[in-house]
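S.K.: The structure under discussion is supplied below as structure tokens; questions concerning it will follow.
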Amino acid sequence: MGSNMAENHPVGFQWVVEAKKRGAKVIHVDPRFTRTSAIADRHVPLRAGSDIAFLGGVVNYILEHGREFREYVQAYTNARVIVSDDFRDTEDQLDDVGAAQSGEAGCRAGGKPTGLFSGFDPDSGSYDVASWQYKGMEVGASAGQREQGASVGEQAHGSHGGELDHGEAPEEDETLEHPRCVFQLLKRHYSRYTPEMVERVCGVPREAFLEVAEALCANSGRERTSAFCYAVGWTQHTTGVQYIRTAAIIQLLLGNIGRPGGGILALRGHASIQGSTDIPTLYNILPGYLPMPHAHETTNLDLYADRNSPPAGFWGNTKAYVVSMLKAWFGEAATPDNDFCFDHVPRISGDHSHYQTVMDMLDGKVEGYFIMGENPVVGSANSKAHRLGMANLKWLVVRDFTETETAAFWHDSPEIDSGETTPQDIATEVFLMPAAAHVEKDGSFTNTQRLLQWHHKAIEPPDDARSELWFMFHLGNLVRRKLAESSDPKDRPILDVTWDYPTHGSIQEPDAEKVLEEIGGWDADGQPLSDYLPLRDDGSTACGCWIYAGCYGDGVNQTARRKPGSEQTWVAPEWAWAWPMNRRIIYNRASADPEGRPWSERKKYVWWDPDEEKWTGEDVPDFTPDKPPDYVPPEDAEAQEALRGDEPFIMQADGRAWLFAPNGLTDGPFPTHYEPQESPFENALYGQQSNPARQQFLRPENPYTPSDGAPGAEVFPFVLTTYRLTEHHTAGAMSRTLPYLAELMPEFFCEVSPELAEQRGLRHGEWATIVSMRSAVEARVLVTERLEPLTVQGRVIHQVGLPYHWGRIGYSKGDAANELLSIALDPNVHIGEYKAATCDIRPGRRPRGKALNELVERYRREVNVASRERSEG
Amino acid sequence: MSDVFELETRSWPGSYGDEAQPRVGFFTDTSICIGCKACEVACKEWNGVPEDGLRFTGNSYDNTGGLGADTWRHVAFVEQRKRVGVGDGAGPGSLVQDAALSQLADGAGLDAQRGEDGFRWLMSSDVCKHCTSAACLDVCPTGALFRTEYGTVVVQEDVCNGCGYCIPACPFGVLDQRKEDGRAWKCTLCYDRLKVGEEPACAKACPTDSIQFGELDELRERAHGRVEELQAAGESEARLYGADPHDGVGGFGAFFLLLDEPEVYGLPPDPVVTTRDLPAMYRTAVAAAGVLAAGVAAAFFGGR
Chain A
-19 MGSNMAENHP VGFQWVVEAK KRGAKVIHVD PRFTRTSAIA DRHVPLRAGS DIAFLGGVVN
41 YILEHGREFR EYVQAYTNAR VIVSDDFRDT EDQLDDVGAA QSGEAGCRAG GKPTGLFSGF
101 DPDSGSYDVA SWQYKGMEVG ASAGQREQGA SVGEQAHGSH GGELDHGEAP EEDETLEHPR
161 CVFQLLKRHY SRYTPEMVER VCGVPREAFL EVAEALCANS GRERTSAFCY AVGWTQHTTG
221 VQYIRTAAII QLLLGNIGRP GGGILALRGH ASIQGSTDIP TLYNILPGYL PMPHAHETTN
281 LDLYADRNSP PAGFWGNTKA YVVSMLKAWF GEAATPDNDF CFDHVPRISG DHSHYQTVMD
341 MLDGKVEGYF IMGENPVVGS ANSKAHRLGM ANLKWLVVRD FTETETAAFW HDSPEIDSGE
401 TTPQDIATEV FLMPAAAHVE KDGSFTNTQR LLQWHHKAIE PPDDARSELW FMFHLGNLVR
461 RKLAESSDPK DRPILDVTWD YPTHGSIQEP DAEKVLEEIG GWDADGQPLS DYLPLRDDGS
521 TACGCWIYAG CYGDGVNQTA RRKPGSEQTW VAPEWAWAWP MNRRIIYNRA SADPEGRPWS
581 ERKKYVWWDP DEEKWTGEDV PDFTPDKPPD YVPPEDAEAQ EALRGDEPFI MQADGRAWLF
641 APNGLTDGPF PTHYEPQESP FENALYGQQS NPARQQFLRP ENPYTPSDGA PGAEVFPFVL
701 TTYRLTEHHT AGAMSRTLPY LAELMPEFFC EVSPELAEQR GLRHGEWATI VSMRSAVEAR
761 VLVTERLEPL TVQGRVIHQV GLPYHWGRIG YSKGDAANEL LSIALDPNVH IGEYKAATCD
821 IRPGRRPRGK ALNELVERYR REVNVASRER SEG
Chain B
27 MSDVFELETR SWPGSYGDEA QPRVGFFTDT SICIGCKACE VACKEWNGVP EDGLRFTGNS
87 YDNTGGLGAD TWRHVAFVEQ RKRVGVGDGA GPGSLVQDAA LSQLADGAGL DAQRGEDGFR
147 WLMSSDVCKH CTSAACLDVC PTGALFRTEY GTVVVQEDVC NGCGYCIPAC PFGVLDQRKE
207 DGRAWKCTLC YDRLKVGEEP ACAKACPTDS IQFGELDELR ERAHGRVEEL QAAGESEARL
267 YGADPHDGVG GFGAFFLLLD EPEVYGLPPD PVVTTRDLPA MYRTAVAAAG VLAAGVAAAF
327 FGGR
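Printed below as a string of structure tokens:
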């Protein structure tokens, strides 16, 4: 679900094909019948944006029919924990507070539960999570703790267990019968997600839904496991994080986590996107998922370490991880006396994510901008907002293979066509720097399964093209040279940073393996680390990213290992290197029962060997190697030592997987179905229409379409979804420029059902114009039965499919689908809703120049007139 | 071995003597093709085949059209509505369906008989068949087309004079003339790669092993096994195309596993080597000429 794996991950899909050949059943739940559906045993179409209703239906099916893997759920999840009396579920509140008072368009509460959890503040549109805690550990009144609650958005990554004491929740009911225990709350939360409700919300016939739910249950338990694969079809929603949470709940109930053949596979969007999360290009985390320090809250190292070290679990060693990172970054300059240069690390003071930064550009708050390996004018929602924002910069650096639409925004754009602006009006100085391709440089890719795979340079980059590593290293040297004489304290971090990588060749390419070695880390004797366990908080160890510790173990580039699968065990531990500690399945202690015996012979993976008194098995055990299953921590134990021998989820303070998330999330402890920002339907389950905590940008550059029930919604009656094709890569700069790829998918097209084509007079192979509140684009019409009209809430709904690869530059050109989309984000991770919006579609090409704006303006007026009529009537 | 005997062509292995290599080919298993077109791109990259135009065809996801001088691998996309009932026995997912159906029967009194119109999207990567009896070879007057030591059929670009005889001779429409130079071009089964022990580019690039390269007798054995497997799993229409040495072209060097009639994929159902009747026609013509000559002779000499 949420993934078109065959088309977007064809190389990884070979293993799905292999599994199918061995008898696995492949089920594809997706709005469109894609090349993945073609191979699947069953394709179930659902309305874009309704997955939580579907998955919630599966949760309800499991609980209703007692299909959960009871022993696993009892032992390894927080199902038995009693939740605070202050907690109110979405089911508990009928109309009143929240929704009604927020005065938000599209909120109706009549008869239905509001759909809000306790703690919602309608003014700020955010939750105070204090009431979501376990009973007996409610957040007290101390100022510090309150602050943490309020800033959960920025500290979310550090919230790994709150105030738990030695892994034990204060109150529990092992029978799972207590009405306030997580299991019962879960049951109640999803009790209305019936097959009938799934049919009503998703447009999936209940028979098809039941077939999927039963297939999952039948293929889970002691003897069997099932896996979920998802990609951006799940993440790119205003409720994206909760989509994945729902799948996690299903997999935990069925016992499919930490076991072979189970899991939730996050298929990442491009090569090494996993790597750029582990060693992040994100504003709010440091390497290894350490939270970025906050300007006002984590003012010194001890406070930071304290805040982010729960009393139990491996996050208890946060200080060792961060100090080792600082030693890798600042070397000799980092000493115990100066907090290991902790103050050199930048601080955040709020949201500095991608779209917020675009807004800041529009407001003139940003001077300069680096864009590397990204083409946001084609690849990000609301292209126009990006162009207008960049026009407000002083300077812009774009590194890419060719001039992209982003680099060309100042001389080639719809705004220049329409006369809204001219190149003379744009003062931004644009630097276009040629980039080397992956075959022209050494480096590693980290893939979906956390596997680091080294790639060697095959040829020198042409002309002035250089690797990112080259660019950053030499840019750093230039800046350091300029600042060499500076005594300004703000320049100290740049001068103190270790920047001594050896270079080689005529272009002075820095040695990428030396960077990997620094990431992999050294022990107190300067020897390469083989894992993260030796990391210390006294400055004796250095490690660029604690979860990668060991990737250069024994002084060897472990990621370059290429032993064929046929020459090693089926787990293939000698192919490349997986973080952490070359473990191929994490939380694999859960593949054994609480006593340490495999759940079944067929699915045995890691188990306790009583004779050897250690954990052993097919993989590197994800557990303290000699901690027996019956281990009970002494009172004074800390970090991982404070977890019991039967608690496999060692990153959590309670050692258990969370069905209910007391913290770490900004929009609810249980996933809840909300409609997308723009939807032609009202929320059938709750009064609250859309995710109440979603991030919106209410400004003229980003007008939203009203949703169902609100006036004007009927102006954009169709569901729009965007996606990729095998033949092109993301925003197209790497594929639309290449003749062999361009000829395979030569033009921008839209996919519509025969019924919609008939209804709107669209002719196969000719042109259509697709319109939203933001813009209008033209595309060739591909009429296909692969897009099926669905019946939702008794109404037939048509979905329009748009691949988003095209732009104005390149060998194959076309309009960019992202011109149409609005910026509305998931509040946890600030990812946009690219998968579900609303639109209109009409035959023929779009107007040119000024006339294009006039067309969009006509639609906006129609919406406004409807609004006015409604308020007057 | 009788299998090997059946694989034999007129010039292979006979004319190669000790230099003959085992006959190799492709087994294209379309049941696991995901339509990624990596084969098309890898073929063009390796063989330097030119890009041949940006043309939106509207024919499903196929913007290539068909095999030609500038397309030596072509992935066909067939969108198909086909009746597939829940009740067809041991079909895929039947266990699951049964369970779901019994749930339903207990439940809301729904109509459990869900005989629906199934929708399929078939994909298949087409290529030169490297026929056992290859008409293109028979008609080539220059010897540009030849049977290699691997039993494959290759056009030598430096010998081809562009006469074009091979083009109508091919029963599959594979051979084609490149407008720019007038010569005939087609898949070489990567003859240059075979020479250095590498598999052809398309097979190398195929992520799901839909395109399998190997020794032909082994491929055929494997393919028969796969058909049985699929049929047992309920794919009752799974069949091999071109694996029969007794067909009209003596079997293909590059054969296919299809999930429907060949016509559905745009392939001729019963291809016949177009030069099959040439010897008979020649004999007839010679006989006719003889009779004619005899008559003429009789007219001359008989009159005396």
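Chains as they are written, first to last, in this note's numbering: chain A, -19 to 853; chain B, 27 to 330. Cβ coordinates follow ideal geometry from the N, Cα and C atoms, glycine included.
Are there 16 or more other CB atoms within 10 angstroms of the CB of residue 550/A, so buried, or fewer, so exposed?
M.R.: exposed
S.K.: Would you call the stretch 292 to 299 of chain A in contact with the stretch 607 to 626 of chain A, where contact means no fewer than 3 C-beta pairs closer than 8 Å?
M.R.: yes
S.K.: Leaving out five residues on either side along the sequence, give the residues of the same chain with a beta carbon under 6 Å from the beta carbon of residue 603/A.
M.R.: Contacts found: 569, 595.
S.K.: For residue 65/B and residue 166/A, what's the separation of their Cα atoms in angstroms?
M.R.: CA-CA distance, residue 65/B to residue 166/A, rounds to 49 Å.
S.K.: Alpha carbon to alpha carbon, what distance is there between residue 416/A and residue 488/A?
M.R.: Answer to the nearest angstrom: the Cα atoms are 14 Å apart.
S.K.: If you follow the alpha helix (DSSP H) that residue 364/A is in, where does it begin and where does it stop?
M.R.: 363 to 370
S.K.: Is it a yes or a no for the stretch 488 to 499 of chain A touching the stretch 521 to 529 of chain A, going by three-plus beta-carbon pairs under 8 Å?
M.R.: yes
S.K.: With DSSP as the reference, label residue 19/A as helix, strand or coil.
M.R.: DSSP places residue 19/A in the helix class (H, G or I) of the three-state scheme.
S.K.: Our contact map puts residue 585/A next to residue 597/A with C-beta atoms below 8 Å; I'd like the distance itself, whole angstroms only.
M.R.: 5 Å
S.K.: What residue ranges within the stretch 641 to 714 of chain A form continuous beta strand (DSSP E) runs of no fewer than 3 residues, ordered along the chain?
M.R.: 698 to 703
S.K.: Would you grab the beta carbon distance between residue 701/A and residue 28/A for me? Rounded to a whole angstrom, and I think it's under 8 Å.
M.R.: 4 Å
S.K.: Any chance the stretch 753 to 768 of chain A sits against the stretch 818 to 828 of chain A, with 3 or more Cβ pairs inside 8 Å?
M.R.: yes
S.K.: Which runs of the alpha helix (DSSP H), 4 residues or longer, sit entirely within the stretch 427 to 507 of chain A?
M.R.: 448 to 463, 472 to 476, 492 to 500
S.K.: Return the chain-ordered list of same chain residues with a C-beta closer than 8 Å to the C-beta of residue 829/A, the five sequence neighbours on each side being excluded.
M.R.: 397, 398, 399
S.K.: What's the C-alpha gap between residue 141/A and residue 633/A?
M.R.: Its pLDDT being 48, under 50, residue 141/A is placed unreliably in this model, and the value from its coordinates should be taken loosely. Near 5 Å, if we compare the C-alpha coordinates of residue 633/A and residue 141/A.
S.K.: Work out the CA separation of residue 554/A and residue 63/B for me, nearest whole Å.
M.R.: 31 Å
S.K.: Identify, in the order they occur along the chain, each residue of the same chain with its Cβ nearer than 6 Å to the Cβ of residue 173/A, setting aside the five sequence neighbours on each side.
M.R.: 36, 37, 40
S.K.: Distance check for residue 92/B and residue 716/A, CA to CA, integer angstroms please.
M.R.: 22 Å
S.K.: Closer than 8 Å between beta carbons: that is the criterion. Which residues of the stretch 422 to 449 of chain A meet it against chain B?
M.R.: none
S.K.: For residue 720/A and chain B, any beta-carbon pair shorter than 8 Å?
M.R.: yes
S.K.: By how many angstroms is the C-alpha of residue 374/A removed from the C-alpha of residue 664/A?
M.R.: Going by C-alpha positions, residue 664/A is about 48 Å away from residue 374/A.
S.K.: Can at least three beta-carbon pairs, one atom from the stretch 768 to 783 of chain A and one from the stretch 724 to 739 of chain A, be found at a separation below 8 Å?
M.R.: yes
S.K.: So, for residue 124/B: in the same chain, excluding its five sequence neighbours on each side, which residues have a beta-carbon less than 7 Å away from its beta-carbon?
M.R.: Caution applies to residue 124/B, whose pLDDT of 48 falls short of 50 and renders its modelled position unreliable; the model cannot decide the point.
S.K.: Per the contact definition of three or more C-beta pairs closer than 8 Å, is the stretch 661 to 680 of chain A in contact with the stretch 794 to 801 of chain A?
M.R.: no
S.K.: Please name the residue or residues paired with residue 594/A in a DSSP beta bridge.
M.R.: Assignment of beta-bridge partners to residue 594/A by DSSP yields 589/A.
S.K.: Would you report the Cα separation of residue 301/A and residue 478/A, rounded to the nearest angstrom?
M.R.: 18 Å
S.K.: Taking DSSP as the reference, what is the three-state secondary structure of residue 322/B?
M.R.: helix
S.K.: From which residue to which residue does the alpha helix (DSSP H) around residue 781/A run?
M.R.: No alpha helix (DSSP H) holds residue 781/A; the beta strand (DSSP E) holding it covers 779 to 783.
S.K.: Would you list the one or two residues that DSSP bridges to residue 210/A?
M.R.: 246/A
S.K.: Apart from the five residues just before and just after residue -7/A, which ones in its own chain have a Cβ nearer than 7 Å to its Cβ?
M.R.: -15, -14
S.K.: Count the other CB atoms within 10 Å of the CB of residue 279/B; is the residue buried (16 or more) or exposed (fewer)?
M.R.: buried
S.K.: Three or more C-beta pairs closer than 8 Å, one from the stretch 173 to 183 of chain B and one from the stretch 30 to 44 of chain B: is that the case here?
M.R.: yes
S.K.: Three Cβ pairs or more, each shorter than 8 Å: is that satisfied between the stretch 185 to 192 of chain B and the stretch 228 to 237 of chain B?
M.R.: no
S.K.: Pick helix, strand or coil for residue 152/A, following the three-state DSSP scheme.
M.R.: strand
S.K.: For residue 113/A, does the count of other Cβ atoms within 10 angstroms reach 16, so buried, or fall short, so exposed?
M.R.: buried
S.K.: State the Cα-Cα distance for the pair residue 227/A and residue 847/A, rounded to the nearest angstrom.
M.R.: Rounded to whole angstroms, residue 227/A to residue 847/A spans 38 Å at the Cα level.
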